[in-house]
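Notes follow once the structure below has been shown.
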Amino acid sequence: MKNFTLFFLLAILAVLPLHAQLSVGFRGGYTLATMNYKDPTIGYKNNGIGRPRSMNSWHADVVLNAPLGHNFYIQPVLRYITKGMDLDVPYANSPTSLYMPCADRVRLHYLELPLNLVYKIPVSFGKITLGAGPYAGYSLGGHYDLTIRYNGHVVSNSQQNIGFDEASNIISTNTLLRRFDTGANFMVGVELNSLVMISANYSLGLMDIDKSTTSNLQNRYLGISLGVLLDREDY
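The C-terminal residue of the sequence shown carries number 922 in this note's numbering, and the numbering is unbroken.
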């Protein structure tokens, strides 16, 4: 967490000298999250984890715009977001005399810092924005939904916390999640003359957040945001 905080502060300090006039905005919206989850030997992992599906969640942002000149901007974003995945376990409903524990959904809560290079195209109604850049994230915590089935029927549902320091932090798997995440962010949007922001972004996780050697796990999400600028740096 200290490294993440330092990274955020350095990013903010780096843009402060660029221009005396900065703009700040707030936005939030819908997130469609999933995870790229593969076992290097058998493909998609299915020993209690199952096949990943997209999960509905949300995010909230604080946005800073710092002009570089010639319509280019540096845009740090401080984001709170829930990432994760829903899971299909192929054998979960199969008749069996054994109790079958299965993780049905995994949620991870992150503070995330995308640092985008943005190009803004002036138009009659405002500006069209295009951008890309790296991001770093730190998980504040997480949980998963645990379902226990017997003979194809659900006998127990519960929600379990993910302990990042434990030997195996999702039951019935060898998964050991790490708190830090890094990757690339791509965005497109509109800034209206009324100071309303509408944007979409795609986040591509590049770090394997599973510390075990049995699988590869990377975050993915699509975000749609609506927000407002408190001012405009070009006014």
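Note that beta-carbon positions come from the ideal geometry of N, C-alpha and C, so glycine has one too.
In the displayed model, His830 falls within a strand according to three-state DSSP.
In terms of CA proximity to Leu795, Ser744 leads the group Leu879, Ser744, Glu878. For the options Thr816, Gly828, Thr718, the alpha carbon positioned closest to that of Pro754 is the one of Thr816.
For Asn758, no beta strand (DSSP E) run applies, since DSSP gives it neither H nor E. By the Cβ-count criterion, Lys898 is exposed, with fewer than 16 other Cβ atoms from all chains shown falling within 10 Å of its own Cβ. Under the DSSP definition of a beta bridge, Gly771 partners with Arg794. Boundaries of the beta strand (DSSP E) harbouring Phe867: 867-879, taken from the DSSP string. The beta carbon of Leu882 lies closer than 6 Å to those of Val915, Leu916 in the same chain, with the five residues before and after it left out.
Each residue's CA atom was taken as its position, placing Val793 and Ala819 some 27 Å apart. Taking a C-beta distance under 9 Å as the contact criterion, Gln846 and Tyr822 do not qualify as a contact pair.
Contact check for Pro801 against Gln762 passes: the beta carbons are separated by less than 9 Å.
In this structure, the CA atom of Leu893 is about 6 Å from the CA atom of Gln905.
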